[in-house]
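Only one structure is covered here, and it is reproduced in the block below.
Protein chains: 2
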Amino acid sequence: MRMPATEFDIIDRYFRLPAQRDDVVLPVGDDAAIVAVPPAKQLVVSTDTLVAGVHFPENTSARDIACKSVAVNLSDLAAMGARPAWLTLALTLPRVDEAWLDAFAREFIETAARFGAELIGGDTTQGPLCISVTALGLVDAGAAMRRDLARAGDAIYVTGSLGDAAIGLGLLRQGGVADDSAAWLVDRLNRPQPRVDFALLAASCCVCAIDISDGFAADLGHVLEASGCGADVRLDNIPLSPQALAYFNASGGIDWDVVLCGGDDYELCVVTSTANEAQLMQAARQSGTRLSRVGEITPRQGLRCIDAAGETRPLPGRGFEHFSART
Amino acid sequence: MRMPATEFDIIDRYFRLPAQRDDVVLPVGDDAAIVAVPPAKQLVVSTDTLVAGVHFPENTSARDIACKSVAVNLSDLAAMGARPAWLTLALTLPRVDEAWLDAFAREFIETAARFGAELIGGDTTQGPLCISVTALGLVDAGAAMRRDLARAGDAIYVTGSLGDAAIGLGLLRQGGVADDSAAWLVDRLNRPQPRVDFALLAASCCVCAIDISDGFAADLGHVLEASGCGADVRLDNIPLSPQALAYFNASGGIDWDVVLCGGDDYELCVVTSTANEAQLMQAARQSGTRLSRVGEITPRQGLRCIDAAGETRPLPGRGFEHFSART
């Protein structure tokens, strides 16, 4: 069977589209793309890579891989309070599979468009399946949320629910999706929804946020380290989905390692003065986002987890690491 | 033996540096970087990936891989006439090798700095060796060189010399580097020098340029297709290095397939009115760049190669393709 002739043909067929955004001066098709950054905006730049077998199971569908590769990058932009604008895609593929490419490209472009972002360039290469996306977004100058701006006394909030993706991965590894609840948990792993709408509203009253995809404990740890403070987190207030709760109930109780360190939850942790709580909750309502207050920033260093009985629990391990220490 | 603990440690140790450019608002270390784009400038965005065993031999040194991964992207910016500003690096590694990382990171950062660019972010993941770089550059609004602006009557120029990298690859495949001349040809493959300085000067008098790393014939073909015209190219005027000439003399004559289609020559093809020739040659002298006039744009479609006897030679095959048709 004949394969499509060339890299250029592939790019043409699947990824070269007319510009949609009017700030795209030159879209896919030249040596580089050209875009116009509005005055008074700063450019926010994030790059995230998904490697087959590391960041998603080898048998993940093209659609899910495309959705996730856009979402993980837009989640980083959301954590800065940036509005998504443009994406580049470095797609490394073992072979040309037109059905795969068609499904991937459609989903990639649709997911980006849903958040107002447009594919403007990239590179298609042959090799082991690997998808690296660079997302470019815009913030008002000086208005980005950062991880180094938490202050003692601030309250800690998280969007959505924690642990779902890690449970979903466990279910996949155990061999499959038995019911709607399991399917929902696996979707949380494969089709994360970046909190872009919430973040754009929250940025008007918050200066500190982080994407918690490496696990809530590890990523909150980054905020604490960068900001030079500590935190008390109330386990009772950690948001769990009904699906995760049902799973834990059936399997002997809540596994806090999974919830706090499981990773792949593309939720945001936002830290702000309690004076902003009403405005922040309004941002959550307006964007249809579950938002939970889970703890407080403390002047004392370190992350302390407090259970329902008021006891301090041992810290769970750090979040997902691509290069874990195995001695 | 214990490996470095975590992805974060690796990033910290090798890639997190204080910002050098004063337009870097937030450097490596948050969910995303923030940079300031000056008013009246447009942003030029290029992404290029190098896969081990596809874009460089598996045994290429960390230094050479780093140099090339920066250079191939800056060459794309140069082709637009853009000044390099910022880079992100998506680095996928099979394992943590500190000596490799140290050599790679130093060379990456130094090569970028030599052209005024700064690493502002990226992602380090585990998997088969693959390096994807997104380069961000700046041009005056409306001043970028593009591939769709060649016009009949324009002259065609190329920088440097053609075919060196393909000969270098051939030498490596034949088992090694016997002398200084061979080492120079292999360096042309492994350590390309993007024509940034020349391009910044040339952009003031040229509107059409392309990076010819997919092979001169294929990339000039892209200019012709995008611009809706053809070209006559004089083989006598194609620039060859003394090293390439010596190689061809020793091996039975010039192989025009290697010269015109070999690829991996990170040179520029510039197309402009002959009225601009003096200014263009001045740009070449000022930047220490060899520049050769190799042909003319014609109203008749297609690329025609004319030899020393004035005969039209059959077109060589297309340039290097990652996904070649093999039936």
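One line per chain: the protein sequences are Z and A, in this order.
So that you can map any letter, position 294 of the first sequence is 294 in the numbering used here, and since no number is skipped, the others follow by simple counting.
So that you can map any letter, position 305 of the second sequence is 1305 in the numbering used here, and since no number is skipped, the others follow by simple counting.
The beta-carbon is built from N, C-alpha and C at its ideal position, and this holds for glycine as well.
- Residue state for Ala275/Z is assigned as helix, using DSSP reduced to three classes.
- With fewer than 16 other Cβ atoms from the protein chains shown falling within 10 Å of its own Cβ, Leu1245/A counts as exposed.
- Secondary structure note for Asp211/Z: its beta strand (DSSP E) is the uninterrupted segment 208-211.
- Annotation for Arg1173/A: the continuous alpha helix (DSSP H) segment containing it runs 1164-1173.
- Boundaries of the alpha helix (DSSP H) around Pro1242/A: 1242-1250.
- At a cut-off of 7 Å between beta-carbon atoms, Pro27/Z makes no contact with chain A.
- Within chain Z, the C-beta atoms nearer than 8 Å to that of Ile1034/A come from Gln42, Leu43, Val44, Val45, Met80, Val139, Ala144, in chain order.
- Straight across, the Cα-Cα distance linking Ala1152/A with Ile1297/A is about 5 Å.
- Considering only Ala1117/A, Asp1123/A, Phe1216/A, Val1196/A, the residue with the shortest C-alpha distance to Asp1164/A is Phe1216/A.
- Fewer than three pairs of CB atoms, one per stretch, sit closer than 8 Å, so the region 63-81 of chain Z makes no contact with the region 163-183 of chain Z.
- Under the three-state reduction of DSSP, Thr1134/A is assigned to strand.
- Inter-residue distance for Ala226/Z and Asp1197/A is about 39 Å (C-alpha atoms, whole angstroms).
- Among the residues of the region 1099-1116 of chain A, none has a Cβ less than 7 Å away from any Cβ of chain Z.
- The shortest CA-to-CA distance from Ala36/Z to any of Ala1033/A, Val1096/A, Ala1040/A, Val1035/A is the one to Ala1040/A.
- Between Leu77/Z and Ala1032/A, the beta carbon gap of about 6 Å places them in contact (Cβ cut-off 8 Å).
- Every alpha helix (DSSP H) stretch that sits fully inside the region 81-141 of chain Z and reaches 4 residues is listed by chain position as 98-114.
- Burial state of Gln1193/A is buried, judged by a 10 Å Cβ sphere holding 16 or more other Cβ atoms.
- Asp123/Z is a Cβ neighbour of Ala90/Z, given a cutoff of 7 Å.
- Neighbourhood of Ala150/Z in chain A, by CB distance below 9 Å: empty, with the nearest CB roughly 13 Å away.
- Comparing alpha-carbon positions, the option among Ser132/Z, Ile212/Z, Leu185/Z, Ala113/Z lying closest to Thr159/Z turns out to be Ile212/Z.
- For the pair Ala1103/A and Ala1052/A, the CB atoms are not nearer than the 7 Å cut-off.
- Looking at the DSSP output, Ala52/Z shares a beta bridge with Phe56/Z.
- Three or more Cβ pairs closer than 8 Å define a contact, and the region 1134-1145 of chain A meets that threshold against the region 1078-1087 of chain A.
- Asp64/Z and Ala1203/A have their C-alpha atoms roughly 42 Å apart.
- The beta carbon of Val1207/A sits no closer than 7 Å to any beta carbon of chain Z.
- DSSP places Tyr157/Z within a strand segment (E or B) once states are collapsed to three.
- If you look at Glu1225/A, you'll find it in the alpha helix (DSSP H) that goes 1216-1227.
- In this structure, Gly1263/A sits away from Asp1187/A, with a CB-CB distance that is not shorter than 7 Å.
- Asp232/Z is positioned such that its CB atom lies no closer than 7 Å to that of Arg147/Z.
- For Ser132/Z, the closest alpha carbon among the candidates Ala113/Z, Tyr157/Z, His55/Z, Leu189/Z is that of His55/Z.
- Within chain A, no residue has its beta carbon less than 7 Å from that of Gly160/Z; the closest one is some 17 Å off.
- At a Cβ-Cβ threshold of 7 Å, Gly1230/A and Arg1313/A do not count as neighbours.
- In the three-state DSSP reduction, Asp1236/A falls in the helix class (H, G or I).
- Neighbours of Cys1261/A across chain Z, judged by C-beta separation under 9 Å, do not exist; the nearest C-beta is about 13 Å away.
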